[in-house]
Amino acid sequence: MSFPWASQYEPQNPLMKWVDEKLPLPRLVYNAVGAGYPVPRNLNYMYNFGVLAGFCLVLQIITGVILAMHYAPNALVAFSSTEHIMRDVNWGWLLRYMHANGASFFFLVLYMHIFRGFYYGSYKAPREMIWLLGVVIFLLCMATAFMGYVLPWGQMSFWGAKVITGLFGAIPLVGEPLQIWLLGGYAPDNAALNRFFSLHFLLPFVIAGVVILHIWALHIPGSTNPTGIEVKKESDTLPFHPYYTAKDGFGLGVFLILYCLFVFFMPNALGHPDNYIEANPLSTPALIVPEWYFYPFYAILRAFTFDFILPAKLWGVLAMFASILLWFFLPWLDKSPVRSSRYRPLYRKFFWVLMADLALLFYLGGAHAEEPYIMLSQLATAYYFLHFLVIVPIVSSIERPAPLPYSITEAVLGKDDDATLDAQAAAKA
Amino acid sequence: MAETTGTATPDTVVQDASDDGVRRRDFINVAAVSAAGIGGLAVIYPFVSQMAPSADVLAESTTEVDISAIEQGQAIKAVFRKQPLFVRRLTPQEIKEANDVPVASLRDPQTLAERTKEGHEDILVTMGVCTHLGCVPLGAADGETRGEFGGYFCPCHGSVFDTAARIRKGPAPTNLEIPDYEFTSDTVIVVGQS
Ligand code: HEM
Ligand code: FES
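Top to bottom, those sequences are chains A and B. Each residue of the first sequence is one higher than the one before, starting from 0 at the first, in numbering that gives the first Met the number 0. Each residue of the second sequence is one higher than the one before, starting from 0 at the first, in numbering that gives the first Met the number 0.
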């Protein structure tokens with residue numbers, strides 16, 4: 000589970016010895032985030048986002064449980080109970096802004112975490128399971144965030160619920176009955192609000208469970224690193240504590256400064272003003288878009304405006320789900336044995352093109368559904384699928400990677416005495 | 000561990016101790032951990048405070064009662080902070096009974112005058128909450144028993160209160176509580192302010 004040179008947990012204190020014999024929880028912590036977990040010595044700040052995602056999850060669970068003490072999931076009072084939190088509950092405004100902006104920052108962190116994976120080939124063997132569990136976590140986070148957004152029962156909540164459950168209406172034959180079943184009615188109302196609240200409360204704990212599996216799977220091979228070559232020996236690693244507790248702690252501080260900037264100085268910047276109007280089933284807001292973190296997928300959904308064998312509506316839904324489900328296949332679409340983009344000159348270029356394409360989709364998802372945005376969405380969507388289904392497989396077979404260093408030590412120090420032919424022959428003998 | 004870090008050779012090590020002998024690393028360590036600790040404590044404050052009564056609950060914390068329609072010997076129940084409030088106009092006989100009791104013999108010694116407002120000794124305002132475990136005593140509504148001392152009787156565990164709502168028998172430790180209130184006119188009291 001860990002490298003042979005990992006330090007061993009040896010409690011000195013008799014009480015800790017006693018605990019260790021009965022329930023080795025301190026040992027688990029020591030081996031997971033303590034001195035007993037050797038980590039590549041060259042991790043950069045892109046490797047900070049996993050810990051930050053864990054922080055966000057805890058933050059959302061704590062603030063969410065507190066909000067649930069004051070919120071009432073009933074269509075008659077949901078909106079006013081949200082205002083009650085904002086105006087009457089002590090520090091209620093702070094808790095609500097922490098939770099709402101916490102969701103945005105959670106997604107920001109997840110996107111950085113995922114894009115780090117794209118860049119450094121984190122999804123490749125032997126880390127496929129970490130990646131697959133990550134995609135499951137991402138899907139669960141999307142469902143949780145969507146249902147949470149419905150709870151304040153403002154105009155965007157209501158129409159978001161209507162539009163997103165309407166996606167299921169696109170499925171042939173069963174679509175409409177399915178949508179009615181999901182909502183427990185013909186439009187979002189009390190039944191839908193209640194089940195969304197119940198699931199919104201439950202899912203974060205499911206996510207926490209999958210995160211435990213994710214980290215368990217991570218601790219078998221350990222992290223990758225910016226060179227993409229595996230750890231060979233002790234001088235390639237540093238103990239997690241104090242080196243990465245300090246580095247992650249610093250990153251957490253920077254994260255918290257940015258987060259507080261939003262929570263305290265622009266708490267509604269990422270939201271939609273229309274959600275401060277109570278849900279009205281008889282009037283749709285002029286611009287109906289999801290929260291920013293769903294924009295790219297919303298742009299893909301809206302890119303399909305023409306019927307082609309299947310109805311346009313169905314294409315949009317299929318493409319939107321496919322755009323994420325594709326990630327499940329990434330470990331097998333990218334066949335290059337070299338992990339890190341640092342040594343993949345061609346893949347690296349396409350990585351940045353993909354980032355630009357995603358930036359465009361982010362922009363388009365928030366724009367009005369009119370020209371030229373529709374045409375641009377179509378092009379950007381086409382490129383998105385092209386990247387994963389065509390470019391990545393082809394690049395991985397034709398690319399000529401740059402020479403790899405012998406070891407992490409060599410990459411960091413410029414030389415590694417074990418790297419000479421003599422040293423290797425001696426090691427064999 | 001030293002041999003595994005490999006980066007630090009003596010001539011590149013940052014000066015470790017400053018002139019006053021404080022190690023740089025210790026300083027950073029203490030500063031970082033204290034900042035995190037103080038920040039964490041500061042965050043706990045709103046998380047605890049949110050459970051206290053909210054502004055709308057506090058806004059309901061006074062109750063106005065019109066006492067003009069209460070007849071001698073009659074009591075009414077009002078609601079103060081979501082709890083029953085008893086307002087009773089005592090008969091001269093009840094006032095006499097209350098004043099005849101030697102105060103020193105009471106479990107919670109108080110005179111009727113101490114439990115009413117000057118000039119309004121016939122108006123007895125108490126919480127309708129038994130001081131034992133919080134049941135609502137009988138005796139405020141028509142037809143309810145008032146117990147052997149003619150005041151209130153708590154059916155839960157048998158506490159008996161007299162005409163000044165003082166505990167006379169049973170498990171309750173103290174007299175029925177007198178909330179803060181004041182007469183804003185001869186016929187109106189406001190409970191919750193004094
Ligand atoms: C609640 C959400 C998540 C949490 C708490 C979490 C946590 C972590 C942590 C602590 C690490 C090790 C540190 C690091 O490499 O940053 C990690 C690594 C990893 N995560 Fe996540 N993660 C989450 C979501 C995701 C998602 C959505 C994906 C991908 C779709 C993903 C894919 C990966 C991969 C592939 C690694 C290994 C990285 C490497 O070694 O190169 N994770 N995760
Ligand atoms: S609660 Fe009244 S006697 Fe126990």
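Note that CB positions come from ideal geometry on N, CA and C, so glycine has one too. Keep in mind the model is a prediction, meaning the values are calculated, not measured.
| Query | Result |
| --- | --- |
| Cβ of Phe182 of chain B within 8 angstroms of any chain A Cβ | no |
| Contact list for Pro172 of chain B against chain A, beta-carbon separation under 7 angstroms | Chain A residues near Pro172 of chain B: none, gap ~32 angstroms exceeds 7 angstroms. |
| Any chain B beta carbon closer than 8 angstroms to Asp87 of chain A | yes |
| Residue of A:Lys246, A:Phe350, A:Trp4 minimising C-alpha distance to Tyr118 of chain A | A:Phe350 |
| Same chain, Cβ closer than 8 angstroms to Leu137 of chain B, neighbours up to 5 away in sequence not counted | Glu143, Thr144, Arg145, Gly146, Tyr151, Phe152, Cys153, Pro154 |
| Interface residues of the stretch 79 to 108 of chain A facing chain B [CB-CB below 8 angstroms] | His83, Arg86, Asp87, Val88, Asn89, Trp90, Gly91, Leu93, Leu94 |
| Counted within 10 angstroms of its Cβ, other Cβ atoms place Gln7 of chain A as buried (16 or more) or exposed | exposed |
| C-alpha distance - Gln92 of chain B paired with Ile66 of chain B, whole-angstrom precision | 20 angstroms |
| Residues of its chain near Arg95 of chain A, where Cβ-Cβ distance is below 7 angstroms and the 5 sequence neighbours each way are ignored | Leu66, Ile84, Met85 |
| Chain C contacts made by the stretch 319 to 338 of chain A, where a contact means CB separation under 7 angstroms | The structure shown has no chain C; the protein chains it does contain are A and B. |
| Reference Ile276 of chain A; option with closest CA among A:Phe78, A:Ser340, A:Leu181 | A:Phe78 |
| Alpha-carbon spacing of Phe307 of chain A relative to Met374 of chain A, whole angstroms | 16 angstroms |
| Any C-beta of chain A under 8 angstroms from that of Gly191 of chain B | no |
| Segment contact flag, the stretch 360 to 371 of chain A with the stretch 1 to 15 of chain A, C-beta cutoff 8 angstroms, min 3 pairs | no |
| Cβ-Cβ distance between Pro83 of chain B and Val124 of chain B below 8 angstroms | no |
| C-alpha distance - Glu20 of chain A paired with Tyr405 of chain A, whole-angstrom precision | 42 angstroms |
| Whole runs of the alpha helix (DSSP H) within the stretch 61 to 107 of chain A, excluding any shorter than 4 residues | 77 to 86 |
| Residue burial classification, Thr115 of chain B (beta-carbon count within 10 angstroms, cutoff 16) | buried |
| Coil, strand or helix - Ala52 of chain A by DSSP | helix |
| Test: Ile65 of chain A CB closer than 8 angstroms to a CB of chain B | yes |
| Proximal chain A residues relative to Phe26 of chain B, where beta-carbon distance stays under 7 angstroms | What Phe26 of chain B touches in chain A: nothing, since even the nearest Cβ is about 14 angstroms away. |
| Chain-ordered neighbours of Gly248 of chain A on chain B, where CB pairs are closer than 8 angstroms | Ala31, Ala35 |
| Where Ala425 of chain A sits in the DSSP three-state scheme | helix |
| C-alpha gap between Pro452 of chain A and Pro266 of chain A, whole angstroms | Nothing in the structure corresponds to residue 452 of chain A, since chain A is present only between 0 and 428. |
| Helix, strand or coil at Cys220 of chain A according to DSSP, with G and I counted as helix | For clarity, residue 220 of chain A is Pro in the given sequence; the question names Cys instead. If DSSP states are grouped into helix, strand and coil, Pro220 of chain A belongs with coil. |
| The ligand FES heavy atom lying under 7 angstroms from the CB of Gly133 of chain B | yes |
| Beta-carbon proximity of Ile129 of chain A to His69 of chain A, cut-off 8 angstroms | no |
| Residue burial classification, Glu290 of chain A (beta-carbon count within 10 angstroms, cutoff 16) | buried |
| Contacts around Ile43 of chain B, its chain only, beta-carbon distance under 7 angstroms, and the 5 residues preceding and following it disregarded | none |
| Within-8 angstroms CB hit, Ala54 of chain B to chain A | yes |
| Option nearest Leu329 of chain A by Cα separation, candidates A:Val76, A:Asn224, A:Gly208, A:His386 | A:His386 |
| Amino acids of chain A, ordered along the chain, whose beta-carbon sits closer than 9 angstroms to that of Ala46 of chain B | Per the sequence presented here, residue 46 of chain B reads as Phe, with Ala not at that position. Residues of chain A passing the Cβ test: Ile61, Thr62, Ile65, Trp90, Leu94. |
| For Ser396 of chain A, the first and last residue of its enclosing alpha helix (DSSP H) | 391 to 397 |
| Cutoff 6 angstroms; reference Asp333 of chain A; Cβ partners in own chain excluding five residues on either side | Val391, Ser395 |
| Per DSSP, cross-strand counterpart(s) of Gly149 of chain B | B:Asp161 |
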